[in-house]
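In numbering that gives the first Met the number 0, the protein residues as written are 0 to 358.
A virtual CB, placed ideally from N, CA and C, is assigned to each residue, including glycine.
Heads up, the thing below is written out as structure tokens.
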Amino acid sequence: MVSKTRRVTPKRAPAAKSPSKRTPSLHGRRAGNRSPLKDIAAVPSFVAASIDRSLRTCRRRLIRVFARLVSLAACGGPPTPSAQRKCRKQGFLLLNTVVPGDLEEGKEAAKAAAEGKKEGPVATSPPPPEPGRRPLPPPASLGKKTLFLDLDETLVHSQPDVPPARYDFVVRPAIGGQLLTFYVAVRPGTQRLLAEAAKRFEVVVFTAGLREYASLVLAQLDPRGELISHGLYRDSCSEVGGKLTKDLAGLGRDLSRVVIVDDNPNSYVLQPENAMPVRPFVDDLNDREMWRVMEFLAVAEGFEDTREAIKSFLCPEKEKPREEEEEEEEKKEAAHPSEPIQEHPPSEPIQEVWVSCLI
């Protein structure tokens, strides 16, 4: 028996599979598998983004604050609810534009503000006086007249740096950041004048000197503060024609009851009829001007108007009363009765000649 043989081809052994790389998935990666280096690199960008958000928030808040401050300054108070609603709807307004209340009112206010910038502020009431031009406080005694006294070359003479042959005291004011030295000589009769005038007048020293210097001199002249009621300095002076003047108007005193004693005619150019002039003082120990001023003060007590007292004292012949002139004419007629009185013809009117009194 013949058997058939079947040829069997041997199966090949499966080839060993080589390990293949796993394709990473973009969305299947776990958070825990991130690289530490990449996480560290992402930190600066996160911090920068946080800082940027903070700056934007701070900027928005600052804009709101400044916008509110501008509205408060322009309107004089907090904005109305309608203005707040409009601001929220319209967004932020320009800092130089304010809409208080309704739109029409806001337009009028903005127009008024623009006109005010071009033409200057329009005040419905008189503007407040400058710090140096404030009226003096009311006098302690209403019955006293006011005596304004100049300081330099009237009551004292001061010299900086080099000491003179004669001086009474030294003051060291700080002017312009520098400590200066002034040697001060007091005019003869000044202390007596202050003592006598304080009994009958309100004494005010009105000087064109700086406050830093003049206040120290006044403290030496009146250490107890019993003689000089007030002190006015350069900031109280006015400038006329490039020169400092002492305007007595606006100081709260009746001009018919004030006198200014000064050696400089420019000081009283605005009120010359209120001035009692004196010679400048430097170093004359025989000076008698203060006694002359005391003599005038005694005369001024008999006048209601100090301006009339000044005229009477400086020009006594010009201000002689009419009654006295008539009495003198009668005495002349009685002394010479035989002499006929010559009358002027009608065609030649009598001309009265007034001789001006030189001051």
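Residue i to residue j span [Cα, whole Å]
i, j, result
"S214", "L220", "10 Å"
"V260", "Y166", "23 Å"
"V292", "M275", "8 Å"
"P279", "T153", "6 Å"
"L179", "V203", "26 Å"
"P136", "G142", "15 Å"
"E272", "A66", "57 Å"
"L54", "A48", "10 Å"
"D304", "V155", "29 Å"
"F312", "R171", "39 Å"
"G362", "F302", "Given a span of 0 to 358 for the chain in the structure shown, any question on residue 362 remains unanswerable."
"G176", "P134", "30 Å"
"I309", "Y232", "25 Å"
"S157", "S140", "33 Å"
"A218", "L148", "15 Å"
"E300", "R306", "12 Å"
"R186", "E326", "42 Å"
"L226", "P315", "30 Å"
"H229", "N263", "21 Å"
"V64", "S44", "30 Å"
"P99", "V46", "With a pLDDT of 44 at P99, under the threshold of 50, the predicted position of this residue should be treated as unreliable, and no value is reported."
"E294", "D283", "20 Å"
"R210", "R287", "28 Å"
"L247", "P159", "30 Å"
"V216", "T56", "60 Å"
N-terminal and C-terminal residue of the beta strand (DSSP E) that residue i is part of
i, result
"L243", "242–244"
"V258", "257–261"
"L148", "144–148"
"A184", "181–185"
"V239", "237–239"
"F168", "168–170"
"P276", "274–276"
"L231", "229–231"
"S369", "Here the chain comprises residues numbered 0 to 358, so residue 369 is not present and cannot be evaluated."
Residue i burial status per 10 Å Cβ neighbour count (16 or more: buried)
i, result
"A164", "exposed"
"K245", "buried"
"F181", "buried"
"A151", "First, the residue type needs correcting, since residue 151 is Asp and not Ala in the sequence shown. So D151 ends up on the buried side."
"K242", "exposed"
"E329", "exposed"
"N285", "exposed"
"D51", "exposed"
"L250", "buried"
"V277", "buried"
"R58", "exposed"
"L61", "exposed"
Bounding residues of the alpha helix (DSSP H) (the contiguous stretch that carries residue i)
i, result
"E300", "Element bounds for E300: n/a, residue is neither H nor E."
"T189", "189–199"
"S311", "305–313"
"A218", "210–220"
Pick from the options that is closest to residue i, judged by C-alpha positions
i, options, result
"R199", "L179, D151, P138", "P138"
"L193", "L141, V239, L146", "L146"
"T206", "S235, A184, F168, R223", "S235"
"Q270", "S255, D282, R186", "S255"
"N265", "R287, A248, S237", "S237"
"I174", "Y212, P159, R191", "Y212"
"E201", "R210, D253, V216", "D253"
"V190", "P159, P222, A248", "In the sequence on display, residue 190 carries Gln and not Val. If we check each option's Cα against that of Q190, P222 comes out closest."
Closer than 8 Å to chain C by CB, residue i
i, result
"F45", "Given the protein chain composition of this structure (a single chain), no chain C is represented."
Rounded Cβ spacing between residue i and residue j (contact assumed at less than 8 Å)
i, j, result
"G224", "M289", "About 21 Å separates the two Cβ atoms, so there is no contact after all."
"K144", "V257", "7 Å"
"A196", "L68", "Rounded, the Cβ-Cβ distance is 54 Å, inconsistent with contact."
"V239", "V281", "That pair is no contact at about 26 Å."
"V169", "V183", "7 Å"
Closer than 7 Å: residue i CB and nearest the ligand SAM heavy atom
i, result
"L68", "The ligand SAM is absent from the structure shown, which contains no ligands of any kind."
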